[in-house]
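Going letter by letter, the sequence shown gives residues 48 to 443 in my numbering. Quick reminder that beta carbons are idealized off the backbone N, C-alpha and C, glycines included. See below for the structure under consideration.
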Amino acid sequence: MSEPEAPKKGGRNLAKTLISLVWIYGGRGVGMLWTLALIAQLSISDYGLYSMAFALMSIVGPALNNPYAVRALRESEDRFLGERAGRYLLGVAILLIGQLFINVNYIAWFGLTTAGGELVMKAYLSRANRDGHPDRSFRMDTIRQMSSVALGSIYLFSTDHPKLLVASIVYCLPYAVVIVITGFVVRGHRPKAPGSPKLMALLAGEMLGTALYLQGDVLLLGWMTSHATAGYYSLTWTVASAIATVGMSYSGTYVESLREHDGDVSAGPPLKNTLTLAAVGGSLVLLTGIGLLISPAPTELAVAMMIMSIYCAVRTTILVFQTILYTQRRDVFRFGVAVGLVPFKLLAVAALAAWAGLGAVGGAIATAGTDAVLLAIFATALYGKRLARKTAEDPA
């Protein structure tokens, strides 16, 4: 069987990606302003506590969302509409459960509240993502984020003695609007579960492993070192991950083509373009770290940022490869890799950051190193057989 022709709309894909980037980095920029506002008006320790709560959201929310997100890219229209309604109801339920912890535990309250809110938001954005329009999705997501940051910042700078809990409550208010709007969007469709219980467990488990892999280190750092160290590390991770998001945006413009060709890599993003985006992203983070090093910023923060430039480049490529693997339906493979690497990364973080006393720098080294291993595994899965076949055909 001949390979599918590479998509001939590369210019359009790049244009969509560039538009997405405007919204992504507009939103990320606003997010960074929110980070700076929290640190300036509260403290790095309060920001560290906020980061731990955000990490919990980033573990719970994506794990519950992943079965819906993956299937939205590849299932029939009828299944998509029903599962979108189911995702909405699940998000509302998680958000309501979070309110039980508002006076009990800040991390649990904020983590569950925002996890539920993001599930509802993802249900609203799922149409744009399914149709291969990440630019529209990121635009709407950025508008929500800007609204949250604007409201939260007004509180922080208009109050003599602002509190983290109150700032967080104000930050979450736009989710109420999202719930109402999305409710009208999904009405009239019978809620459906995203596949069989086995498939749901597989897809949720895959993302749970991925989320623990990406965010478990923040919780671990906060527990084993200090909220301040967790804050420094979280700041570097936020910058690097924001830039790496270009990989998800770029690969998202090829979803329709990949779906039509069962995930054949030749129907997806050209590898050369992917590596170029990764190199540019990594360079930006490196320059940020160098700038911090020659500034009055803490040396721990600057060195960690420079190391995270490696993570940024690697993560950009991983996000592209991950989209291709989604459309290839290699769910068991992704689950095994995601779960399998978690204990190794967390052990590396504990050893380097806590036991060796390297703090945020140790966390950055562990993160960059384990992500490099993950990239090697994904690259072998996608290109290993093709490379072997090409070598066999042309041994010279």
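Q: Give the straight-line distance between the Cα atoms of Phe380 and Phe204, rounded to the nearest whole angstrom.
A: Distance between the alpha carbons of Phe380 and Phe204 is about 48 angstroms.
(Q) Please state whether the Cβ-Cβ distance between Tyr171 and Ile228 is less than 9 angstroms. (A) Their beta carbons are under 9 angstroms apart, which means Tyr171 touches Ile228 by this criterion.
Q. Where does the unbroken alpha helix (DSSP H) through Gln262 begin, and where does it stop?
A. Where Gln262 is concerned, the enclosing alpha helix (DSSP H) stretches over 244-271.
Q | Pairwise C-alpha distance: Gly235 and Gln262 | A | Whole-angstrom Cα-Cα distance: 37 angstroms.
Q) If we ignore side chains and look at the alpha-carbon of each, how far apart do Gly46 and Pro241 end up? A) Any question about residue 46 goes unanswered here, given that the chain covers just 48 to 443.
Q. Run through DSSP, which three-state label would Pro51 get?
A. Its pLDDT being 47, under 50, Pro51 is placed unreliably by the model, and nothing is read from it.
(Q) Could you check whether Ile154 and Leu211 sit closer than 9 angstroms to each other, using their CB atoms as the reference points? (A) No; because the gap between Cβ atoms is not below 9 angstroms, this pair is not in contact.
Q: Please determine if the segment 249-268 and the segment 85-102 are in contact, where contact requires at least 3 C-beta pairs separated by less than 8 angstroms.
A: Yes, the segment 249-268 touches the segment 85-102.
Q | Cα-Cα separation, Ile354 to Gly336 | A | Taking the straight line from one Cα to the other gives about 8 angstroms.
Q.
Assuming the contact rule is C-beta atoms closer than 8 angstroms, Ala407 and Thr283 should be a hit. Round their C-beta distance to whole Å, please.
A. That belief holds up - the Cβ atoms of Ala407 and Thr283 are roughly 7 angstroms apart, short of 8 angstroms.
Q.
Tell me which residue opens and which closes the alpha helix (DSSP H) that Asp378 is part of.
A. First-last of the alpha helix (DSSP H) with Asp378: 378-396.
(Q) Helix, strand or coil, according to DSSP, for Lys239 in the structure here? (A) Coil.
Q) For Gln375, which of helix, strand or coil comes out of DSSP? A) For Gln375, the secondary structure class from DSSP, reduced to helix, strand or coil, is coil.
Q. So, do the segment 409-421 and the segment 355-362 have three or more beta carbon pairs nearer to each other than 8 angstroms?
A. In this structure the segment 409-421 lies against the segment 355-362, because at least three pairs of beta carbons, one per stretch, are closer than 8 angstroms.
(Q) Suppose contacts are defined by Cβ-Cβ distances below 9 angstroms. Is Ile371 in contact with Ser288 by that definition? (A) Against a cut-off of 9 angstroms, the Cβ pair of Ser288 and Ile371 comes out as no contact.
Q: Below 8 angstroms on the Cβ atoms is my guess for Ala314 versus Leu305; work out the distance and round it to an integer in Å.
A: With a Cβ gap of about 5 angstroms, Ala314 and Leu305 count as contacting.
Q | Rounded Cβ spacing between Gly256 and Ala349 (contact assumed at less than 8 angstroms) | A | Cβ atoms of Gly256 and Ala349 stay farther apart than 8 angstroms, at about 31 angstroms.
Q) How long is the line joining the alpha carbons of Glu52 and Asp309, rounded to whole angstroms? A) At Glu52 the pLDDT is 47, less than 50, meaning the model places this residue with poor confidence and gives no usable figure here.
Q. Ile144: which of Asn152, Arg134, Leu159, Met271 sits nearest, CA to CA?
A. The shortest C-alpha separation from Ile144 is found at Leu159.
Q.
I want to know whether the segment 173-183 touches the segment 104-119 - three or more CB-CB distances under 8 angstroms.
A. Segments in contact, yes.
Q | Pick from Ala140, Gly164, Gly199, Thr161 that is closest to Leu80, judged by C-alpha positions | A | The option with the nearest alpha carbon to Leu80 is Gly199.
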